[in-house]
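This report concerns only the one structure given below.
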Amino acid sequence: MRIVVLGYLVRGPIGGLAWHYMQYVLGLIALGHDVIYLELSDDYVSCYDAERDESGTDPTYGLVFAADVFARAGLGDRWAFHDTRTGRWHGPRALELVALAASADLCVNVSGMNLLPPFLESVPVRAFVDTDPAFTQIRHLTNPDAMQRAAQHNAFFTFAGNLAAGHSTIPDDGFPWRFTRQPIVLDAWPQCPPQPDGRYTSVLLWESYSALEYQGRRYGPKSDAFEPYFGLPERAGSILELALGSPSAPGPYLESRGWTIVNPLSMTRSPWTYQQYIQRSKGEFAIAKHGYVASRSGWFSERTACYLATGRPAIVQDTGFATWLPSGDGILSFSTPDAALAALDDVNSRYEYHCRAAREIAETYFDARKVLADFVESAMAAPSAPMNAAVVQ
């Protein structure tokens, strides 16, 4: 089939985000599909420039970044970007790709980061992939524009493993969400030798946006969930490292409590520096967004899936994902500092065993060949009817 993937790679030109979207592009191509990557800017400040470490309206940095990423992936002529502010299309075959995209069988709007343009509204199946559960649904319920944008789609998928099954407290926004997982192109993420002398690392934004409240419940960012773990290195030793972003992040305070804090820009400058950072790590230790935990969403990080594929054990805060993903070997979950410390001790005592188990989990649950084959089949089998206009309003 011809498939259009919409993402946030030009506007978010950093290593982890690039992998997030490229896994869909590369994975769908490996399944034999004709894939086009498109991105459309908003009409507000949304383009990040890592050289200046600031956002603006100029996409120049992101365009150079995207050209390099797609060229190194052997897909230099399969992407295009529309700058809403100037009305210009960018990319080596931009106008030709736009015409081809209009004849697509499936459009995949990863993270829902693009407003569907008119030429894609006639694509038979238009899939919205929610990678930020609870926050996505609350925005739909409280922001008419967000609800209208979502209603352009007719297939709805979420990383919240417990939403469709009714095991979470995520508010119901009226869309028929189906569960999907982050695809990992395992050939691009080979298993690497264990790093027993490395640190447990993670790459994170302290606050990517403000907390949301809905019907008396608070759904907070990562900063809301971190406080109980401030002193963990004082008990575990100097083995925990954070590539920590966000101007509000309390880096000096965390360092005073024993965390190693590094500048995330050097680690995430490209997809390959990001991958090398994970490969050098002993494993991942990660706190989830408060909203994912509080809602018992069952969400699981696309970043953590990359650690697993590399053969790096993951010690991660429990969001309820045990309903679909086994925990204890390769992945260890925690809900308290004591449980986190016990998980670190377990991995340290059986490190190579957990490394092997991590890769096995990636192969079983996140292999792009399986995840995307199931995703495409599900999307094409039963697209939803358009939402009632009264509901959208």
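Just so we're aligned, residue 201 is where the sequence shown starts under my numbering, counting upward by one. All residues carry an ideal CB built from backbone N, CA and C; glycine is no exception. As the structure is a computational prediction, the values presented were derived from the model and not from experiment.
{"Asked": "Cβ-Cβ separation, Ala301 to Pro583 (assumed contact under 8 Å), whole Å", "Found": "Pro583 to Ala301, Cβ: 18 Å. No contact."}
{"Asked": "Where the alpha helix (DSSP H) through Gln220 begins and ends", "Found": "For clarity, residue 220 is His in the given sequence; the question names Gln instead. Element bounds for His220: 215–230."}
{"Asked": "Delimiting residues of the alpha helix (DSSP H) encompassing His490", "Found": "490–494"}
{"Asked": "Rounded C-alpha distance that separates Val591 from Asn343", "Found": "In this predicted model, Val591 has a pLDDT of only 44, less than 50, meaning its place in the structure is not dependable; the value taken from the coordinates is given anyway. Those two C-alpha atoms are separated by around 13 Å."}
{"Asked": "Same chain, Cβ closer than 7 Å to Ser303, neighbours up to 5 away in sequence not counted", "Found": "Arg202"}
{"Asked": "Assigned secondary structure, Asn548 (DSSP; H/G/I helix, E/B strand, else coil)", "Found": "helix"}
{"Asked": "Straight-line Cα distance separating Leu572 from Leu228", "Found": "7 Å"}
{"Asked": "Status (buried if at least 16 other CB within 10 Å, exposed otherwise) for Gly511", "Found": "buried"}
{"Asked": "Own chain partners of His353 with C-beta closer than 6 Å, once the 5 adjacent residues on each side are dropped", "Found": "Arg326, Phe328"}
{"Asked": "Cβ-Cβ distance between Thr536 and Tyr477 below 9 Å", "Found": "no"}
{"Asked": "Three-state class that DSSP yields for His554 in the structure shown", "Found": "helix"}
{"Asked": "Expected contact under 8 Å - CB spacing of Gly216 and Tyr474 to nearest Å", "Found": "5 Å"}
{"Asked": "Three-state secondary structure (DSSP) of Gly262", "Found": "helix"}
{"Asked": "Cross-strand partners of Arg418 (DSSP beta bridge)", "Found": "Glu413"}
{"Asked": "Neighbourhood of Phe281 by C-beta distance below 8 Å, restricted to the same chain and skipping five residues each side", "Found": "Val210, Leu238, Glu239, Leu240, Ser241, Pro259, Gly262, Leu263, Ala266, Trp289, His290, Gly291, Ala294"}
{"Asked": "Entirely enclosed beta strand (DSSP E) segments - the segment 443–477, minimum 3 residues", "Found": "460–462"}
{"Asked": "Tyr419 vs Ser495 beta-carbon contact at 9 Å", "Found": "yes"}
{"Asked": "Assumed close pair Leu444, Leu404 - CB separation to whole angstroms, cut-off 8 Å", "Found": "6 Å"}
{"Asked": "Any chain D beta carbon closer than 9 Å to Tyr419", "Found": "As a matter of chain content, chain D is missing from the structure shown, which is built from one protein chain."}
{"Asked": "Distance between beta carbons of Ala488 and Ala562, contact taken as under 8 Å", "Found": "About 19 Å; that fails the 8 Å criterion."}
{"Asked": "Residue(s) in a DSSP beta bridge with Cys247", "Found": "Gly256"}
{"Asked": "Alpha carbon of Gly530 to alpha carbon of Met467, nearest angstrom", "Found": "24 Å"}
{"Asked": "Range covered by the alpha helix (DSSP H) that runs through Thr510", "Found": "502–510"}
{"Asked": "Helix, strand or coil at Thr286 according to DSSP, with G and I counted as helix", "Found": "coil"}
{"Asked": "Coil, strand or helix - Ala514 by DSSP", "Found": "strand"}
{"Asked": "Contact the segment 382–394 vs the segment 360–369: 3+ CB pairs below 8 Å", "Found": "no"}
{"Asked": "Close-in-space but distant-in-sequence residues of the same chain around Ser322 (CB under 8 Å, 5 per side omitted)", "Found": "Ala302"}
{"Asked": "Asn588, buried or exposed, once every other Cβ within 10 Å from all chains shown has been counted against 16", "Found": "With a pLDDT of only 45 at Asn588, under the threshold of 50, the placement of this residue in the model should not be trusted; the figure read from the coordinates follows. Exposed."}
{"Asked": "Range of the contiguous alpha helix (DSSP H) that encloses Asp574", "Found": "568–581"}
{"Asked": "Residues that DSSP places opposite Ala327 in a beta bridge", "Found": "Val308, Ala355"}
{"Asked": "Glu502, buried or exposed, once every other Cβ within 10 Å from all chains shown has been counted against 16", "Found": "buried"}
{"Asked": "Range covered by the alpha helix (DSSP H) that runs through Val298", "Found": "294–301"}
{"Asked": "Inter-residue spacing [alpha-carbon to alpha-carbon] between Phe500 and Thr336", "Found": "15 Å"}
{"Asked": "Coarse secondary structure for Arg381, derived from DSSP in three states", "Found": "coil"}
{"Asked": "Asp529, enclosing alpha helix (DSSP H) - first and last residue", "Found": "Segment: none, Asp529 is in no alpha helix (DSSP H) and carries neither H nor E."}
{"Asked": "Cβ-based burial, Glu434 [other Cβ within 10 Å; buried from 16]", "Found": "exposed"}
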